[in-house]
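Engineer:
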Amino acid sequence: MSFCPLLRGAPLIGSVLGNYRITQKLGQGGVGEVWKALDLSLDREVALKVLRRELAAVPDLVARFRTEALALARLNHPNVATIHGFHTARETTFIVMEYIPGQTLDALVRSFGPMRCARALPLFAQVLDAIGHAHEHGLVHRDLKASNVMLSHLGAVKMLDFGIARVPGSAHLTKDTHSVGTPAWMAPEQIRGEEVCVRTDVYALGLLLYWLVTARLPFAAQSHFELERAHVEEPPPSPRQFAPDLPEPVERAILRALSKPRIERFANVGELRGALGEGFAPLSFATAEHTQAYEPHPSPGPTLVLPRDDDEDEARAGAPVRRRWLLAGAALAMLAIAVAAGVASRRAADVEI
């Protein structure tokens, strides 16, 4: 089945776009759709980010789409989704990317609720590594949010969607400079249409950690205007208001990252990492244990997740611990039997002598 660009500009399951057979729709955004596909040359699964056909005639959007490909091509990091190519086939423009089975941090928190620091910080450390790598290559993400961070089934974090990243030497998209980004995740300077910098991403990182440990964002409103006004004018509520057991150094780091004047924020992700590391073990990559032993903490404030059975949560969270204790107990029992057998053997030898 060949790809038909005239059918609403969208691929069909089983159709072929270029060298890729479409197998599943993964999601969609404002400018495109994401599809799972099979690379017919290399026999591997990939993700295709396809620009909506009706938008392909808008030069600024095509430029932004190409900017994302350029941004990803500059990066080579285990926590950044790998780009395989940028193509145009049958009047359709698309990016070929690494396919990552898993779920976003947004979906994870909405499903299971807020995380304890022991779970949140190792995941957040991987985000810091990815954004730090981008900053080292002169890229400012500008649209960092929980739905752009994927957690794979192996426990590895992968940064997605550099669609509005600022690439050194690239032209400004002047018509879209004001309020570029997602209102709930935008820094005050973005809302005012000012030039962005590394500290702009630091603000979004503060929002991301706030989201992980409280299952909510600091500001909520009925309109984009009110939401943007809150980011510019209102102080964020203390995250400990919603997560009372949150360590004070983590709270201070979050609130400093969310400072209105950018000069008062951390200058880079390294400073943010250092602030979070005070009084804690060094941050490291998450392991499968961090994703399986998900241990949400109770939140007295309203969250964006559905209520869950507390006993079920405790059982899920405590199961790996109980398994480790059972294994340890069995090992000790076997050791005691071996020691007892050895003592008995020596006594028997003494009697024979």
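The opening position of the sequence shown corresponds to residue 1 in our numbering, with each subsequent residue numbered one higher.
We put the beta carbon where it would ideally sit given N, CA and C, even for glycine.
1. Which residues mark the beginning and the end of the beta strand (DSSP E) in which H87 is found?
2. Which same chain residues end up closer than 6 Å to G32 when comparing Cβ atoms and leaving out the 5 residues on each side of it in sequence?
3. So M159 and A81 are in contact, right, with Cβ under 8 Å, and what is the actual spacing, rounded?
4. Helix, strand or coil for A47 per DSSP?
5. Looking only at its own chain, which residues have a Cβ that is under 7 Å from the Cβ of A253, when we skip the five neighbours before and after it?
6. With a CB to CB cut of under 6 Å and the five nearest residues on each side skipped, what residues in its chain are close to L212?
7. For A230, I'd like the list of residues in its chain whose CB is within less than 7 Å of its CB, leaving aside the five on either flank, ordered along the chain.
8. Around the Cβ of T88, are there at least 16 other Cβ atoms within 10 angstroms (buried) or fewer (exposed)?
9. Per DSSP, W35 is paired with what?
10. Does the segment 99 to 111 come close enough to the segment 133 to 152 that 3 or more CB-CB pairs lie under 8 Å?
11. Kindly identify the DSSP beta-bridge partner or partners of Y20.
12. Rounded to whole angstroms, how far is the Cβ of V198 from the Cβ of A146, which I believe are closer than 8 Å?
13. Between S223, E189, E234 and S238, which has its C-alpha nearest L209's C-alpha?
14. Taking C-alpha atoms, which residue in I263, R90 and P236 lies nearest to E189?
15. Comparing alpha-carbon positions, which option in P247, I191, T200 and A215 lies nearest F225?
16. With hydrogens ignored, establish whether the beta-carbon of H133 is closer than 6 Å to any heavy atom of the ligand SAM.
17. Return the CA-CA distance between D201 and L258, expressed in angstroms with no decimal places.
18. Are G113 and A215 close, meaning C-beta to C-beta below 7 Å?
19. Give every residue of the same chain whose Cβ lies closer than 8 Å to the Cβ of I371, excluding the five residues on either side of it in the sequence, and list them in chain order.
20. Name the residue from V34, E45, C117 and E233 whose alpha carbon lies nearest to the alpha carbon of E251.
21. Could you spell out the range, first to last residue, of the alpha helix (DSSP H) harbouring F225?
22. Residues in the same chain with beta-carbon distance under 8 Å from G27, minus the five sequence neighbours each way, listed in chain order, please.
23. Can you have a look at P302 and say buried or exposed, based on whether 16 or more other CB atoms are within 10 angstroms of its CB?
24. Figure out for me which residue from F242, I13, E248 and H77 has the closest Cα to the Cα of H355.
25. With 16 as the cutoff for other CB atoms within 10 Å, does Q126 come out buried or exposed?
26. Looking at C-alpha atoms only, which residue of L139, H137 and A187 is the closest neighbour of P236?
27. According to DSSP, T200 sits in a beta bridge with which residue or residues?
28. Does DSSP put I100 in a helix, a strand or coil?
29. Please state if the CB of L227 and the CB of P261 are separated by a distance shorter than 7 Å.
30. Compute the Euclidean distance between the alpha carbons of V96 and L55, then round it to the nearest angstrom.
31. Pull up the distance between the alpha-carbon of T177 and that of N19, whole angstroms please.
32. Where are the beta strand (DSSP E) runs, 3 residues long or more, that stay fully inside the segment 248 to 279, in chain order?
33. Any idea if D309 is buried or exposed, counting beta-carbon neighbours within 10 angstroms, 16 or more meaning buried?
34. Is L75 helix, strand or coil by DSSP?
Structural biologist: The relevant details are as follows:
1. I83 to A89
2. K49, V50, L51 and R52
3. Approximately 7 Å separates the beta-carbon atoms of M159 and A81; this is inside 8 Å, confirming the contact.
4. strand
5. L272, A275 and L276
6. M115 and A120
7. F219 and A221
8. exposed
9. K25 and L48
10. Three or more Cβ pairs closer than 8 Å define a contact, and the segment 133 to 152 meets that threshold against the segment 99 to 111.
11. L17 and D39
12. Going by Cβ atoms, the distance from V198 to A146 rounds to 20 Å, so no, they are not a contact pair.
13. S238
14. Cα-wise, what sits closest to E189 is I263.
15. I191
16. The model depicted lacks the ligand SAM and carries no ligand whatsoever.
17. 10 Å
18. yes
19. The structure shown does not extend to residue 371, since the chain spans only 1 to 353, so no value can be given for it.
20. C117
21. H224 to E233
22. E33 and V34
23. Only weak support exists for where P302 lies, its pLDDT of 35 falling under 50; the coordinates are left without a value.
24. No answer is possible for residue 355: the residues shown for the chain start at 1 and end at 353.
25. buried
26. A187
27. DSSP lists no partner for T200.
28. coil
29. no
30. 18 Å
31. Any answer about T177 is weak, because its pLDDT of 38 lies below 50 and its placement is not dependable; what the coordinates show is given next. Each residue's alpha carbon lies about 35 Å from the other.
32. none
33. Because the pLDDT at D309 is just 34, under 50, the model does not fix this residue reliably, and the value given afterwards should be weighed accordingly. Here D309 is exposed: its Cβ has fewer than 16 other Cβ atoms, across all protein chains shown, within 10 Å.
34. coil
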